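Trainee: Sharing a structure with you now.
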């Protein structure tokens, strides 16, 4: 089966709900996989969600709450009574349940936890910061003791976790619950039954501390191609594991964050975010942008008399400032992404800035030459062509330097380069573009040369 | 163990190579995991790579060539003789070997394949386009027949694939090699030994055709949380599987591509790309940008006499055009990312454009008001304040509409919105900003009102 088209099924589900045909509505939902179930459920109006949910079995309800967008799940959870919610939470993966409980009001969270049958799988997960490895981890269902035999371990697995299909690695602990190794189910299966786990396992296991940043944990999993990453406390005692679905989520989240920040959007802005929330993530940036635009405005204002005398100069503002701005953005983009992916390390910073300066020089010769020809042909003024061309050339070099230097400096100052760099680089290329261009023009056209 | 610091080890390896102490150099490398081995190897100068490689065993050499950046691996492979290369290729994962062979010259590839012991694992993988599911897949080592028993399947696994740790799902085929189901190793282990695979397996297996785009395949794996995705031909016969490490790679690649394109960089630009290659990915974009900047230049030129008479107008160019440009970029960023993540579907397009128009209105009232006050206080001219403020307000609304409309249209036209939208949106906000501002100013200040 390939990906399901959910649109037509959504219509059928809504028709069944409208007809109060619960058997059909449930059958339609049950035939789908959890992500598709959640997509359809999320697209229903709240009243229909509330009508449908009690007819679904607990497992489907849990799947849907796990797969819904966080904010959508919270809205649904808010409208459930504490007992219903608790029964669904009991069915959910502990990390997903903890994320949901963590988003409720403290009173509501306490109520729901009190009504749960197995709150102890969820409670410890609530203690860790959202963006840390601890906030990402889930409880481990199966831990092997290093003294078990292969046969004993498989029998234990059969008894304890006959249902969970996500047991790829089995982590091995000693009597103090300290992580001492990892063994794959395959290794257990192909080993002689009497062999001890500690003689089969790989003792060189990669782990993180609970307070590690989630991005670092995800990068470790991606780098070493891990399906599960154990999370330990300061004594190396097992606290939980991060599973591969979290890896994908964190990587997407971090990519989205970088894309947003490079685009001047301060926080998540899904297409259905309310307008006031969208304004909160965008307006402060525009105000800051307005502040930096004043730098350019001041420079333009200082050259007012030159502009008044040679108004033709204004025609080339978008070219001198705009194209250099684009060049600066290119350099910035490459540098920020290189830093994020770890391809660019601090020791490469100086050569990288040098390279970008040379690229700026080459771009500047090409674009500056073109601009000079355009100015010459269009306005029939060789001097203007020379001024515009030289200004563009110089500003392109500056754009290359600023585009590489600013993010490297931000990184060194522990400020996210994706957040702080675009506005600074644009301000620099803009202001310096106007200054170089109008400065040159003043020298040339007002006869100070 | 947490992530290894490779820097100090690199120095030790280089010292050992300089001293021709191969035993030490090899021991240092062997103590590391493949990604760390590759990082160190990639940082060695080519001459040292060539000296070290023959001393490493084939498995380490294969790991290193798998983990190196593609271009680095090709450079190393080019310098090996065909027999050495073939022996390493035999040790590599078939998909990685195929990627490497595919990047060699046709003669060199033919030589290497001819010298391989198992070229047939690699040859079929060479037939598919690089960015397709077929180009991503690797050969399947273990396929179960639906008639096998659970016990028989485990015995078969023990015999065929005692080494491969990446057997999470076992795919089940019928006598015609058609994919009919999937079973996990865990399900096999916990089932009664006499039970037949077809009675244990899940027949509802998700697969893709070999010509499916790699991004779609990756999105399927991410959505349904799959560790392996089977790739089939038009008769649903198994061709191979895409493994989860490819998922992470494709998602990162696609995120990088979007970030690059939004930043006006046409193709990958790692920090060590040669300058001419960097220019090829950037200069065409700047030339195009120059072309669109001419639209704004033409408008400015048309208002030359207004600028000459009221030169103070120029001071506000960076504000009217620049801040609206930033607002347009914000809208664009949110829209492009929403489309890429599938959060924004065509049927949401109209409401999304309406929302962004309203956000533009709200931003415009706030920023336009601020700008008017700044103009009033700074230049002490109420009329100028009114003109600048109204122009900013109108242009912010335009930026909201353009920022949402352009990417949606591009998507409808099957053009990558991340590629085409930024330059169009900037051109529109720039040109319309100058036009609205100078048009209003001409009406107000030259007495045409």
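Chains as they are written, first to last, in this note's numbering: chain A, 737 to 1185; chain B, 737 to 1185.
For each residue, glycine too, the CB sits at the ideal point set by N, CA and C.
Computed from a predicted model, the values in this text were never measured in an experiment.
(1) Just to confirm, is the Cβ distance from residue 1174(A) to residue 1036(A) under 9 Å?
(2) Would you report the Cα separation of residue 1057(A) and residue 1094(B), rounded to the nearest angstrom?
(3) Is it right to say residue 1071(B) is buried, meaning 16 or more other beta carbons lie within 10 angstroms of its own, or is it exposed?
(4) Could you tell me which chain B residues have their CB closer than 7 Å to the CB of residue 1168(A), listed as they occur along the chain?
(5) Considering only C-alpha positions, which residue in the set 759(A), 843(A), 997(A) and 1150(A) is nearest to residue 814(A)?
(6) How long is the line joining the alpha carbons of residue 1185(A) and residue 1178(A), rounded to whole angstroms?
(7) Enumerate in chain order the residues of its own chain whose CB-to-CB distance from residue 849(A) is below 6 Å, with the five nearest sequence positions on each side excluded.
(8) Leaving out five residues before and five after residue 986(A) in sequence, what residues of the same chain have Cβ atoms less than 8 Å from its Cβ?
(9) When you compare the CB of residue 980(B) with every CB in chain A, is at least one pair closer than 9 Å?
(10) Output yes or no for whether 9 Å exceeds the beta carbon distance between residue 878(A) and residue 893(A).
(11) Please state whether DSSP places residue 1158(A) in a helix, a strand or coil.
(12) Using three-state DSSP, classify residue 745(A) as helix, strand or coil.
(13) Between 1155(B), 967(B), 1163(B) and 874(B), which lies nearest to residue 1073(B) when the distance is taken from Cα to Cα?
(14) With residue 1062(A) and residue 1000(B) assumed to form a contact (beta carbons below 8 Å), what rounded beta-carbon distance in angstroms separates them?
(15) How close, in whole Å, do the beta carbons of residue 874(B) and residue 831(B) come, if the pair is a contact with beta carbons under 8 Å?
(16) Compare the C-alpha of residue 800(A) against each of 772(A), 818(A) and 1029(A) and name the closest.
(17) Would you say the region 936 to 950 of chain B touches the region 852 to 871 of chain B, given that touching needs at least three Cβ pairs under 8 Å?
(18) Less than 8 Å between C-beta atoms, sequence neighbours within five positions excluded: which residues of the same chain meet that for residue 1018(A)?
(19) What are the residues in the region 1090 to 1119 of chain A lying within 9 Å of chain B by C-beta distance?
(20) Check whether chain A comes within 9 Å of residue 1185(B), counting only Cβ atoms and requiring the distance to be less than that.
(21) Relative to chain B, which residues along the region 1131 to 1161 of chain A have a C-beta separation below 7 Å, given in chain order?
(22) Quick one: measure Cβ to Cβ for residue 1159(A) and residue 995(B), integer angstroms, because I've assumed they're closer than 8 Å.
(23) Give every residue of the same chain whose Cβ lies closer than 8 Å to the Cβ of residue 778(A), excluding the five residues on either side of it in the sequence, and list them in chain order.
(24) Reducing DSSP to helix, strand and coil, say where residue 1082(B) ends up.
(25) Give a yes or no on whether 9 Å exceeds the smallest Cβ distance from residue 935(A) to chain B.
(26) Quick one: measure Cβ to Cβ for residue 851(B) and residue 818(B), integer angstroms, because I've assumed they're closer than 8 Å.
(27) Can you pull the chain A neighbours of residue 929(B), defined as C-beta to C-beta under 8 Å?
(28) Ignoring anything shorter than 4 residues, give me the alpha helix (DSSP H) runs that lie fully in the region 1002 to 1051 of chain A, in order along the chain.
(29) Does the beta carbon of residue 807(A) come closer than 9 Å to any beta carbon on chain B?
(30) Residue 905(B) by DSSP, collapsed to three states: which one?
(31) Nearest by alpha-carbon distance to residue 884(A): which of 863(A), 864(A) and 907(A) is it?
(32) Name the chain A residues whose beta carbon is nearer than 8 Å to that of residue 1048(B)?
(33) Where residue 787(B) and residue 1032(A) are concerned, what is the direct C-alpha to C-alpha distance, given to the nearest angstrom?
(34) Is residue 997(A) buried or exposed, if buried means 16 or more other CB atoms sit within 10 Å of its CB?
Mentor: Well, looking at it:
(1) yes
(2) 29 Å
(3) buried
(4) Going along chain B, no residue has its Cβ under 7 Å from residue 1168(A), so there is no contact; the nearest lies around 12 Å.
(5) Checking every option, the nearest Cα to that of residue 814(A) belongs to 843(A).
(6) Any reading at residue 1185(A) must be qualified, since the residue scores a pLDDT of 46, below 50, and its modelled position is unreliable; the value itself is stated next. Roughly 9 Å separates the two Cα atoms.
(7) 855
(8) The residues are 872, 950, 951, 953 and 954.
(9) At least one beta carbon of chain A lies nearer than 9 Å to the beta carbon of residue 980(B).
(10) yes
(11) helix
(12) helix
(13) 1155(B)
(14) 5 Å
(15) 3 Å
(16) From the listed residues 772(A), 818(A) and 1029(A), the smallest Cα separation to residue 800(A) is found for 772(A).
(17) Cβ pair count under 8 Å is three or more, so yes.
(18) Taking residue 1018(A) as the centre and dropping the five residues before and after it, the same chain places the C-beta of 1000, 1001, 1002 and 1005 closer than 8 Å to its C-beta, in chain order.
(19) 1091, 1092, 1094, 1095, 1098, 1099, 1102, 1103, 1106, 1107, 1110, 1114 and 1115
(20) Its pLDDT being 47, under 50, residue 1185(B) is placed unreliably in this model, and the value from its coordinates should be taken loosely. No, residue 1185(B) does not count as interfacial toward chain A.
(21) So the list is empty, because no residue satisfies the distance condition.
(22) In fact, because the Cβ distance is near 17 Å, the residues do not count as touching under 8 Å.
(23) 804, 805 and 808
(24) helix
(25) no
(26) 5 Å
(27) Within chain A, no residue comes near residue 929(B); the closest Cβ sits about 12 Å away, beyond 8 Å.
(28) 1011 to 1038 and 1040 to 1045
(29) no
(30) strand
(31) 907(A)
(32) 1037 and 1040
(33) Computed Cα separation, rounded: 56 Å.
(34) buried
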